[in-house]
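Going from the sequence shown to this note's numbering is simple: count from 1 and add 254. By construction, the Cβ of each residue, glycine as well, lies at the ideal position given by its N, Cα and C atoms. Quantities reported herein were computed from a predicted structural model and do not represent experimental measurements. Written out below as structure tokens is the structure these notes cover.
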Amino acid sequence: IGITNIDPIKYNLLFERFLNPDRKSMPDIDTDFDDEGRQKVIDYVVDKYGKSQVAQIITYGTMAAKMSIKDVARVMDLPLAESNAIAKLVPDKPGIELRRVLQAPMKAKDGEKSLEEKDGLVSEDLDNVRRIRELYAQRDTPAGKVLHEAERLEGSVRNTGIHAAGIIIAPKDLTELLPVSVAKDSPLWVTQFEGSIIEDAGVIKMDFLGLKTLTIIKNALAMIKQNHGVDISIDDIPLDDPKTYELYQQAATIGTFQFESPGMQKYLRELKPDKFGDLIAMNALYRPGPIAYIPNYIDRKHGREEITYDLPEMKEYLEETYGITVYQEQVMLLAQSLAGFSKGDADVLRKAMGKKQKAVLDKMKAQFIKGAVAKGLAEDKLEKIWTDWEAFAQYAFNKSHSTCYAFVAYQTAYLKAHYPCEYMSAVLNNAGSIEKITFFMEECKRMGIKVLGPDINESLKGFAVNKIGEIRFGLGGMKGVGEAAVENIVEERKDGYKDIFDFIKRINQRAVNKKTLESLAYAGGFDCFPEHHRRQYFYIPEGETATGLEKIIKYGQIISNQNTNAGHTLFGDLPTMMEIPAPKLAECEPWSLTEQLDKEK
């Protein structure tokens, strides 16, 4: 029905995990879009349902231990240095509570749920706790008063924010259902209820997420079409492509989605995946907890470990993962097959296992044993299966999620395998930091792809692939080169710039100013003009005051003024303009490679 672009029947992805008659709560709907597409979807939703029926979701920030001390100290005029000194005595542990720091048993011998045991505090932390408790005991001192008030205010709402991805859609005007407010930086309304309780008001909550990988795919496809004339439908690529699996088997996954970490690369080399199911399983298993089962999965795939099933009936659903229970959906299907659970009951079981709802699990265990025994299955085997499932619940993963993400990962690997230059160019354009750009340039080098510096005759705004399959650095990636300058340079160079003087005559110097020209010269953007080297643009000969670049700029301004004045004369259409000679740049020694690299921006 078009909810997902993966075939749910082929991969046993259960609709009942999303929605079924026994489900009391609304499903969790997360949708990923490329960075530009996310805003388009939000605009579409507002246009379709109306501004009064769509809103973002508020978040409430509360006072944590250290912040409550600092806030109270500020209000009570405690000196900043003293305030910071008290706050530093609170141990740096995520989620630590001031109330526990001041009141809880310190060591295991002092009582249950001690700071040492429950919060993992070490000797140095406990020394700080003793000091802060001494201050707390002196109730009449400024520090003591601050701590008592901070203890009382800890957990209070301190500020509001907006949920990064959450959007709600209501069946009618939101003001009839819940309180709303306005946002500073958005035209959308904002709910005054948090996401955890919002669905009780009768609205649908959806998470619209911007996924950078989808932007990379979109950019790569556009470059492939431009350079090769191939229009790829990315959702229809073959899932048995040998070249793509060769990439995975070699763990050449840097720049691809989900599979690029060193740990994952190690397992890919050992696994040698040759089918899409292997990628789904690895995506689910490579997390804290189930990662311990990856060696078993690999050994079973390659016949080094025997594949066993507690019951022959389980083979149908566990065969794809070599007898290892990996997905929540496998438990749901087995509960239906072995014990006659309805699809709704199977989802209730899945949820109860995930949330460790003991009362529900005890009830469902009896239902499972009774139903399976009625089908003639041995009770001792069923007890073992149930025990295994309860342990499995700690790491069980959603196969639907894993399959969709494995599909996106496969798409990135396919593009990297078949169109490496275009794909890596898209990755570089979305790298986000100079460290990541350097990292991905190293990967290009490993792949045998040249990444060349900026070129005034070849570069676009971002990284792009030239006619001979090399990646050219983008003009927009340089410090001092603005968007207007890039647009003007690219727009004017229809047949290329013949030399630096042809360039300066054709560009708009209001858009491409002196700072931009200096940045281009330092970075080698004019190296395509062999008659001049970089230092000549900055060299001032003895007895003169202007650099080579300043002479070029002046020349461009004279030509521009001449063209403007000619257009304003009575006989402007006549070829009477005087030829202005281009200036000569003084000869000088070129910079060494070290000097060039030092001056590049």
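- With at least 16 other beta carbons inside 10 angstroms of its own, K653 counts as buried.
- For I508, the CB contacts under 7 Å within the same chain, skipping 5 residues up- and downstream, are E514, E697 in chain order.
- In the DSSP assignment, G449 falls within the unbroken alpha helix (DSSP H) covering 449-452.
- The straight-line gap separating the alpha-carbon atoms of L267 and I548 is approximately 22 Å.
- For the set T258, N762, L475, the Cα lying nearest the Cα of F269 is the one of T258.
- T510 has its alpha-carbon roughly 10 Å from the corresponding atom of A671.
- The Cβ-Cβ distance between A538 and F651 falls below 8 Å.
- Excluding the 5 residues flanking it on each side, M695 has same chain C-beta neighbours closer than 6 Å at V705, in chain order.
- Counted as a single uninterrupted DSSP element, the alpha helix (DSSP H) harbouring L525 occupies residues 516-525.
- For D485, the CB contacts under 7 Å within the same chain, skipping 5 residues up- and downstream, are K479 in chain order.
- Sorting P262, G723, N274 by C-alpha distance to the C-alpha of D599 places N274 at the top.
- Assignment of beta-bridge partners to M460 by DSSP yields I283, I421.
- Per DSSP, the continuous beta strand (DSSP E) segment holding W443 begins and ends at 443-445.
- Cβ neighbours of K619 within its own chain (closer than 7 Å, five residues either side excluded): W640.
- In the three-state reduction of the DSSP assignment, T801 falls in the coil class.
- In the DSSP annotation of this structure, the continuous segment of the alpha helix (DSSP H) that includes S377 starts and ends at 377-391.
- For V735, the three-state secondary structure derived from DSSP is coil.
- At a Cβ-Cβ threshold of 8 Å, S773 and K733 count as neighbours.
- Nearest C-alpha to L501 among T666, G707, C782, Y793: T666.
- Spatial neighbours of E833 in its own chain (CB-CB distance under 7 Å, excluding positions within 5 residues in sequence) are not present.
- Per DSSP, A589 is one residue of the alpha helix (DSSP H) stretching across 582-593.
- Collapsing the DSSP output to three states places I311 in a strand.
- R412 carries a strand assignment under DSSP once its states are collapsed to helix, strand and coil.
- Its chain contains V400, E403, A404 as the residues whose beta carbon lies nearer than 6 Å to that of V326, once the 5 sequence neighbours on both sides are disregarded; these appear in chain order.
- In this structure P496 is exposed. Its beta-carbon is surrounded by fewer than 16 other beta-carbon atoms within 10 angstroms.
- A626 is positioned such that its CB atom lies no closer than 8 Å to that of A647.
- Under the Cβ criterion (8 Å, minimum of three pairs), the stretch 341-358 does not count as touching the stretch 411-425.
- Annotation for G577: R554, I561, T562, Y563 place their beta carbon closer than 7 Å to its own, counting only its chain and skipping 5 residues before and after.
- DSSP places F511 outside both helix and strand once states are collapsed to three, so it counts as coil.
- Comparing C-alpha distances from K466 to each of E366, R558, T799, A685 shows the shortest one belongs to A685.
- Between D284 and F462, the alpha-carbon positions lie close to 6 Å from each other.
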